[in-house]
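For the sequence shown, this note's numbering puts the final residue at 584, and the numbers step up evenly by one. Following: one structure in structure tokens, then a few remarks.
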Amino acid sequence: MADEISPSPQRNQGRGSAGTPGLKHAATHIDRRQNPPSAASNITKNNGRWPKLRSYAAIDLGTNNCRLLVAKPSSDGFIVTDAFSRVVRLGEGLVETGKISSRAMDRAVAALSICADKLRRRNVTLARSVATEACRRASNGEKFIERVRKETGIALDVITAEEEARLAVLGCQILLEPGEGPALIFDIGGGSTELVLVDTMGSAPEIIDWLSAPWGVVSLTESEKFDTDSAGARAAAYAKMRAKVMESFAPFAARLPIDNPSDFRLLGTSGTVTTLASLHLKLPHYDRKVIDGLIVPTESMRDISAMLAACSPQERADIPCIGKERADLVVGGCAILDSILDIWPANRVGVADRGIREGILRSLMSSNERRSSL
Numbered sequence: 211m212a213d214e215i216s217p218s219p220q221r222n223q224g225r226g227s228a229g230t231p232g233l234k235h236a237a238t239h240i241d242r243r244q245n246p247p248s249a250a251s252n253i254t255k256n257n258g259r260w261p262k263l264r265s266y267a268a269i270d271l272g273t274n275n276c277r278l279l280v281a282k283p284s285s286d287g288f289i290v291t292d293a294f295s296r297v298v299r300l301g302e303g304l305v306e307t308g309k310i311s312s313r314a315m316d317r318a319v320a321a322l323s324i325c326a327d328k329l330r331r332r333n334v335t336l337a338r339s340v341a342t343e344a345c346r347r348a349s350n351g352e353k354f355i356e357r358v359r360k361e362t363g364i365a366l367d368v369i370t371a372e373e374e375a376r377l378a379v380l381g382c383q384i385l386l387e388p389g390e391g392p393a394l395i396f397d398i399g400g401g402s403t404e405l406v407l408v409d410t411m412g413s414a415p416e417i418i419d420w421l422s423a424p425w426g427v428v429s430l431t432e433s434e435k436f437d438t439d440s441a442g443a444r445a446a447a448y449a450k451m452r453a454k455v456m457e458s459f460a461p462f463a464a465r466l467p468i469d470n471p472s473d474f475r476l477l478g479t480s481g482t483v484t485t486l487a488s489l490h491l492k493l494p495h496y497d498r499k500v501i502d503g504l505i506v507p508t509e510s511m512r513d514i515s516a517m518l519a520a521c522s523p524q525e526r527a528d529i530p531c532i533g534k535e536r537a538d539l540v541v542g543g544c545a546i547l548d549s550i551l552d553i554w555p556a557n558r559v560g561v562a563d564r565g566i567r568e569g570i571l572r573s574l575m576s577s578n579e580r581r582s583s584l
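Pasting the structure below:
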């Protein structure tokens, strides 16, 4: 099951211009819980188009996580009726072998089987299921996709990096701070990082430049042995991570409009930024309602990244909101975030606990509305 999106086969191309006003106060919050004023948010103006029981679903199978969102249209966007997320580490060992391992396949299929059951129980009428960098990169990606189809009934669509970037922007754009010039939206994934420069002058952000870098929290962590006993060795490994990321960012960074160093807006959607935002607030446990839409001073993000990079694996595992499950990957995310802040030195970082799944839902609902209006 899929919507009518036709992603472009092109990769990281485009141009950008001019910066945007940055604000400077302590952590604040953009309280925009509902969806933005796009086609998807207007779908209920003609209520006769939408049977009350119609449900939509989005599955995002990434390099590290498998996520599901089920929702129904509402007057101000959509209402989530079910959600699921599980760490599957599909890309575990991919950097070294070039393949998805049997164990990783088993974990992903088990998670997708739960998703398939939820789709049936929720009477989902239209869904889209996508796979990203791990399946794009793996030599046995097609074999895995076929196994998923046979065992779960889910037809995974391996989307391009450009489509991944577009969906991430569509899913979180409402949380951008107001401004007149371009803004940078980023998504730190498990196997890649998408950087998207958007023009916000129109009714909806327009992508004017983008990059898909081959480093995510899993691929970067596996490329550089980090969890060493020596603090000095950890610092050296972190520096190597940063160098790899900066090298991959260089062509995109050279095109960025950075004439006015105070005029930047930055919005991130990833486990890295939501985790660091939780640590900024010193939360005892993760709370999406508090984190989604939060704006955190860049200085705090930098300080927390430096602290985590210096910690031993056990010290990171003992920190609330990280735990053993994230302890080995969060430092790779910090290295990527630090590099993003180097090329786009905003004073504040917007935090989004939303992204590809929400973008898929918007696109599905918008496409169905257009068909209904014909």
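Idealized CB from N, CA, C, for every residue including glycine. Keep in mind it's a predicted model, so treat the numbers as computed, not measured.
| Item | Value |
| --- | --- |
| Consult DSSP for Tyr266 and reduce its assignment to one of helix, strand or coil. | strand |
| Quick one: what's Glu416 bridged to in DSSP? | Asp409 |
| Report the rounded CA-to-CA distance for Leu336 versus Glu373, giving the unit in angstroms. | 19 Å |
| Given this structure, state the Cα-to-Cα distance separating Asp497 from Val506, to the nearest angstrom. | 15 Å |
| Going by the DSSP bridge assignment, what does Phe288 pair with across the sheet? | Pro283 |
| Which residues in the same chain have their Cβ closer than 7 Å to the Cβ of His495, if we skip the five residues on either side of it in sequence? | Pro530 and Cys531 |
| For the structure I just gave you, are there three or more beta carbon pairs, one from the segment 349–366 and one from the segment 401–419, closer than 8 Å? | no |
| Taking the straight line between their C-alpha atoms, what separation do you get for Ala320 and Arg465? | 43 Å |
| For Gln223, which residues of its own chain have a beta-carbon under 6 Å away from its beta-carbon, when the five flanking residues on both sides are left out? | Residue confidence is low: Gln223 scores 37 on pLDDT, short of 50, so the model does not pin down where it sits. Its coordinate-derived value is still stated next. Within the same chain, Gln223 has no close Cβ partners at all. |
| Do the CB positions of Glu343 and Gly399 come within less than 8 Å of each other? | yes |
| Residues in the same chain with beta-carbon distance under 6 Å from Pro261, minus the five sequence neighbours each way, listed in chain order, please. | Residue placement at Pro261 cannot be trusted, given a pLDDT of 48 that sits under 50; the coordinates are not used to answer. |
| According to DSSP, simplified to helix, strand and coil, what is Arg444? | helix |
| Straight-line CA distance for Asp563 to Gln383? | 12 Å |
| Starting from Asp316, follow the alpha helix (DSSP H) in both directions and report where the run begins and ends. | Ser312 to Arg331 |
| Return the chain-ordered list of same chain residues with a C-beta closer than 8 Å to the C-beta of Asn350, the five sequence neighbours on each side being excluded. | Lys309 and Ile310 |
| Return the chain-ordered list of same chain residues with a C-beta closer than 6 Å to the C-beta of Pro231, the five sequence neighbours on each side being excluded. | The predicted position of Pro231 is uncertain, since its pLDDT is 29 and thus under 50; no value can be drawn from it. |
| Do the CB positions of Ala423 and Ile395 come within less than 8 Å of each other? | no |
| Alpha carbon to alpha carbon, how far is Leu486 from Ile514? | 7 Å |
| Between Ser576, Ser577 and Leu571, which has its C-alpha nearest Ile289's C-alpha? | Leu571 |
| Considering only C-alpha positions, which residue in the set Ala341, Ala449 and Gly412 is nearest to Gly590? | As shown, the chain starts at 211 and ends at 584. That puts residue 590 outside it, with no answer to give. |
| Considering only C-alpha positions, which residue in the set Glu509, Trp554 and Asp502 is nearest to Ser480? | Asp502 |
| Can you find the residues in the same chain that come closer than 6 Å, C-beta to C-beta, to Thr431, ignoring five residues on each side of it along the sequence? | Leu539 and Gly542 |
| So what's Ala423 in DSSP terms, helix, strand or just coil? | strand |
| Using the Cβ count rule (16 or more neighbours within 10 Å means buried), how would you classify Arg558? | buried |
| Assign Asp548 to buried or exposed, taking buried as 16 or more other Cβ atoms, counted over all protein chains shown, within 10 Å of its Cβ. | buried |
| From which residue to which residue does the alpha helix (DSSP H) around Phe396 run? | That residue, Phe396, is in no alpha helix (DSSP H); its beta strand (DSSP E) goes Ala393 to Ile398. |
| Based on DSSP bridge pairs, tell me the residues matched to Val340. | Asp270 and Asp367 |
| Sort out for me which residues DSSP pairs Asn275 with in a bridge. | Val297 |
| Considering only C-alpha positions, which residue in the set Asn274, Glu525 and Ala520 is nearest to Ala171? | Nothing about residue 171 can be read from this structure; the chain reaches only from 211 to 584. |
| Quick one: is Ala449 buried, meaning 16 or more other Cβ sit within 10 Å of its Cβ, or exposed? | exposed |
| Report the CB separation of Thr273 from Gly426 in whole angstroms; it is logged as a contact under 8 Å. | 6 Å |
| Under DSSP, the alpha helix (DSSP H) around Thr485 begins and ends at which residues? | Gly481 to His490 |
| Can you look up Glu432 in the DSSP assignment and give me helix, strand or coil? | helix |
| Out of curiosity, what's the CA-to-CA distance linking Pro247 and Ser440? | Unreliable positioning characterises Pro247 in this predicted model, as indicated by a pLDDT of 33, which lies under 50. A coordinate reading is not provided. |
| Report all residues from its chain with a CB closer than 6 Å to the CB of Arg296; omit the five preceding and five following residues, and keep chain order. | Cys276 and Ala321 |
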